[in-house]
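Report on the structure given below.
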Amino acid sequence: MYELKTKENDCSVLEFIEMLDHPKKREDAYKLLDIFTETTGYKAKMWGPSIIGFGSYHYKYESGHEGDAPLAAFSPRKAKISLYFATGDTKREELLKNFGKHTTGKACVYINKIADIDTEVLKALINQSVAFLKETYPNE
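My numbering puts the first residue of the sequence shown at 581, with every later residue one more than the last.
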């Protein structure tokens, strides 16, 4: 059976942020921590070694694969900051039009720094992700 690698754990979010090499990346991580905490109302938790997640939901696909994931999350990686929002939500693309400088992957939105984005749109993306996932996986 497939074992999910990215699980919620008890590692310290603040210790993780303090270990970031670049001072500006650390500063942005603290700003994101405040924005995500305030917007979601959830306490930050580490997911795997490098993802800071907020809230959680349980998903189950038709294939039978299931697991837990954060409702919204970010990871201050070396190259870019990864923002994790719900995939499959059409409203996400609409919000991203006014987000600022970013690139997207399948599940992530990548930014270089907070100064490049509109933080009000970030809050809307976080709220949309949480609402979409709670609606999609209500009792999982």
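Virtual Cβ for every residue (Gly too), placed ideally from N, Cα, C.
The continuous alpha helix (DSSP H) containing ALA704 extends over residues 699 to 716. Our two residues, TYR664 and SER643, have alpha carbons roughly 23 Å apart in a direct line.
A straight-line Cα-Cα distance of about 11 Å links LYS714 and PRO650.
In the three-state scheme derived from DSSP, where H, G and I count as helix and E and B as strand, LEU663 is classed as strand.
In this structure, PHE679 keeps its C-beta atom at 7 Å or more from the C-beta atom of ALA652. In this structure LEU594 is exposed. Its beta-carbon is surrounded by fewer than 16 other beta-carbon atoms within 10 angstroms.
In this structure SER709 is buried. Its beta-carbon is surrounded by 16 or more other beta-carbon atoms within 10 angstroms. Between the beta-carbon of PHE616 and that of ALA624 there is about 7 Å, and that keeps the pair under the 8 Å contact cut.
Apart from the 5 residues on each side of it in sequence, LEU600 sits with its Cβ closer than 8 Å to the Cβ of ARG606, ALA609 and PRO656 in its chain, given in chain order. Inter-residue distance for TYR690 and CYS591 is about 24 Å (C-alpha atoms, whole angstroms).
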